[in-house]
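Chemist: In my numbering, the protein residues as written are 4 to 165.
One structure, as structure tokens, below. Some questions next.
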């Protein structure tokens with residue numbers, strides 16, 4: 004029976020003995036943003052044939068001038084993110100979030116011990132979340148100023164109806 008759950012979804016749903024999730028919401032959000040950025044950069048593998056006339060007759064895969072500006076900007080952003088992360092973390096993030104590989108496939112390809120890819124994935128997602136400004140806990144300003152011109156709040160329903 005096929006499942007549409009990704010490795011990130013499965014790790015976010017798994018709980019340890021204390022009931023804590025292996026991946027927090029900020030990890031999942033970082034993975035989703037990376038996946039969208041990779042799709043926008045047109046780096047995700049295609050599952051279907053492209054019948055675009057420009058691609059059907061050409062012998063090459065296309066030139067850099069053939070991609071849209073949005074894809075070019077997304078690729079530049081990916082390059083900046085990749086430069087700020089360790090290479091092993093970036094490789095696992097790209098394989099899992101961008102290509103959709105499973106953790107066991109990543110471990111087999113890299114000849115890593117079992118369960119090591121999920122630790123590298125979590126480290127990479129933590130660093131990616133920090134780069135994207137995603138925090139484990141939501142935080143706002145400590146003191147908010149009043150946003151009304153009235154000095155006191157009027158009651159919605161009058162207390163004395165007589």
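Where a beta carbon is used, it is the ideal one built from N, C-alpha and C, also for glycine.
Judging by CA-CA distance, which residue of 114, 102, 94 is the nearest neighbour of residue 125?
Modeler: 94
Chemist: Any idea if residue 29 is buried or exposed, counting beta-carbon neighbours within 10 angstroms, 16 or more meaning buried?
Modeler: Residue 29 comes out buried.
Chemist: Note down, in chain order, each residue of its chain lying with its Cβ closer than 8 Å to the Cβ of residue 102, except the 5 sequence neighbours on either side.
Modeler: 47, 48
Chemist: Just tell me which of 20, 31, 18, 78 has its CA closest to the CA of residue 133.
Modeler: 31
Chemist: Tell me the rounded alpha-carbon separation between residue 105 and residue 52.
Modeler: Going by the C-alpha atoms only, they are around 24 Å apart.
Chemist: Whole alpha helix (DSSP H) runs in the segment 106-133 with 4 or more residues, listed along the chain?
Modeler: 106-113
Chemist: Grouping DSSP H, G and I as helix and E and B as strand, with all else coil, what is residue 44?
Modeler: coil
Chemist: Drop a sphere of 10 angstroms on the beta-carbon of residue 127, count the other beta-carbons inside from all chains shown, and report buried for 16 or more, exposed for fewer.
Modeler: buried
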